[in-house]
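Residue numbers (our numbering): 1 to 233. Beta carbons are placed, not taken as given, at the ideal position from N, Cα and C, and that holds for glycine. Remember, it's a predicted structure, so these values are computed and weren't measured experimentally. Single-structure report; data block below.
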């Protein structure tokens, strides 16, 4: 779970062992104290940074790219970026290398461009244009939960805890044979993902499958999950 949740109401910042979190002050004092105690007992259940994510055992579940062997391989024409955007790409690539989410690769037959998308706060988000790879993969028909059913099941509960997985997709490994297909061009080298990146086809289905396996004893009883968003009732 994420350790940097931001709440919509009035919040108060608390700190335990150097780890900061925000607590909704609209809750009664007794309930606030109970939440602080619960967090302090389970500090290792929260991810405070990307380095806190151990990842899932690939033998338990990993993301596969199934496609026809006759599909046309695509190496996109390299895009050019100005100095400011090149610096963003360089910094983001180094962050991914530091947390072991990507590795350098040579002679890949699938190569995509980096795309920079401006966020609401004015900063840039680095994405990869997996359009061609998306088209080459068939749709995974794994059923996702129905939103209206999840909402109905939570109605009438006195207290709900909303959990948001920290970089949830990146906690799932790519199948070793498919990592090269996620290759993207950076400034001075090409890299491929060792973990499941955003933007690939069927990543939502893969994550829902993981949640259904991990939370099987609790789903429908005291926990509901829609991809990487969970509610404890």
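Item                                                                                                                         : Value
Length of the line joining the Cα atoms of residue 16 and residue 168                                                        : 24 Å
Residue 202, buried or exposed, once every other Cβ within 10 Å from all chains shown has been counted against 16            : buried
Within 9 Å, strictly: CB atoms of residue 25 and residue 154                                                                 : no
Length at least 4, wholly inside the segment 102-154: the alpha helix (DSSP H) runs in chain order                           : 131-136, 147-154
Residue 16 - DSSP class collapsed to helix/strand/coil                                                                       : strand
Residue 171 beta carbon near the ligand FMN (any heavy atom closer than 8 Å)                                                 : The ligand FMN is not part of this structure, which contains no ligands at all.
Minimum C-alpha distance to residue 135 - residue among 150, 200, 163                                                        : 200
Beta carbon of residue 209 nearer than 9 Å to that of residue 61                                                             : yes
Residue 137 versus 103, 98, 72, residue with shortest Cα-Cα distance                                                         : 72
CA-to-CA distance, residue 225 to residue 163, given in whole angstroms                                                      : 9 Å
Neighbourhood of residue 147 by C-beta distance below 7 Å, restricted to the same chain and skipping five residues each side : 226
Contact check, residue 46 vs residue 39, beta carbons under 9 Å                                                              : yes
Cβ neighbour criterion (16 or more within 10 Å) applied to residue 7                                                         : With a pLDDT of 46 at residue 7, under the threshold of 50, the predicted position of this residue should be treated as unreliable, though the coordinate-derived value follows. Answer is exposed; the Cβ neighbour count stays below 16.
Buried versus exposed, by CB contacts within 10 Å (16 or more), residue 178                                                  : buried
Straight-line gap, residue 2 to residue 44 (C-alpha atoms, nearest Å)                                                        : Caution applies to residue 2, whose pLDDT of 48 falls short of 50 and renders its modelled position unreliable; the model cannot decide the point.
In DSSP terms, what residue 22 is bridged to                                                                                 : 13
Check whether residue 192 and residue 89 have beta carbons under 9 Å apart                                                   : no
6 Å CB neighbourhood of residue 115 in its chain, flanking five on each side removed                                         : 127, 129
Alpha-carbon spacing of residue 94 relative to residue 221, whole angstroms                                                  : 42 Å
Spatially closest choice to residue 204 from 188, 229, 11, 100, by CA coordinates                                            : 229
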